[in-house]
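Have a look at the structure below, then the notes.
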Amino acid sequence: MTPEAADTIRRAADVVQWFNLAVSVAVLAALVYVLIRWPRGWRMAVLPASYMVASTAFYVAVLFHAIPAPWISLFSATLRLYSYILAIVIGGMVVLGAVGAEDEDDWEPEE
């Protein structure tokens with residue numbers, strides 16, 4: 411690979427990481443709004459908010475070269491593992507909510 415091609419890839423990766431940081435901050439701001447607007451629903455927002463905090467910290471660390479590359483790799487792998495766990499937990503909540511929901515067909519009005 412030529413040095414020019416490598417520089418182009420690095421610049422493209424930086425653009426993607428800046429976009430990821432912007433999305434992470436926007437989603438975190440939306441979740442903070444949700445927590446302020448509906449404080450009783452904090453259980454629904456705390457896991458995604460914790461992920462967005464970790465994601466924002468990761469992209470800030472990457473873009474501002476705050477920590478060395480081996481630590482970035484570990485942080486990236488940990489964040490990815492956390493995203494898998496979060497997806498499983500949220501998916502489980504959706505499935506359990508669907509299983510526990512009453513079917514409209516089974517509902518009979520009281521007489």
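Residue numbers for the sequence shown follow the numbering used here, beginning at 411 and rising by one.
Heads up, the beta-carbon is just placed ideally off N, CA and C, and yes, glycines get one too.
It should be emphasised that the depicted structure is a prediction, and the values quoted were computed from it without experimental measurement.
- Message: Is the beta carbon of A432 closer than 8 Å to that of L445?
- Response: no
Report all residues from its chain with a CB closer than 7 Å to the CB of R437; omit the five preceding and five following residues, and keep chain order. According to the sequence displayed, residue 437 carries Val and not Arg. If we look at V437 and ignore the five residues flanking it on each side, its Cβ neighbours are M462.
Practice item. Using only alpha-carbon positions, find the residue among R421, I498, Y469, I495 that is nearest to S486. Key: Comparing C-alpha distances from S486 to each of R421, I498, Y469, I495 shows the shortest one belongs to Y469.
query: Of all the options L457, A439, N430, R420, which has the alpha carbon lying nearest to the alpha carbon of I495?
result: L457
DSSP state of T412 mapped onto helix, strand, coil = coil
- Item | S434 vs S465 beta-carbon contact at 8 Å | Taking 8 Å as the cut-off, the beta carbon of S434 is found closer than this to the beta carbon of S465.
Q) What separation, rounded to the nearest whole angstrom, lies between the Cα atoms of M503 and V426? A) Computed Cα separation, rounded: 31 Å.
Tell me whether the beta-carbon of W428 lies closer than 8 Å to the beta-carbon of L473. In contact: W428 and L473 (Cβ atoms closer than 8 Å).
C-alpha distance - N430 paired with A471, whole-angstrom precision: 13 Å
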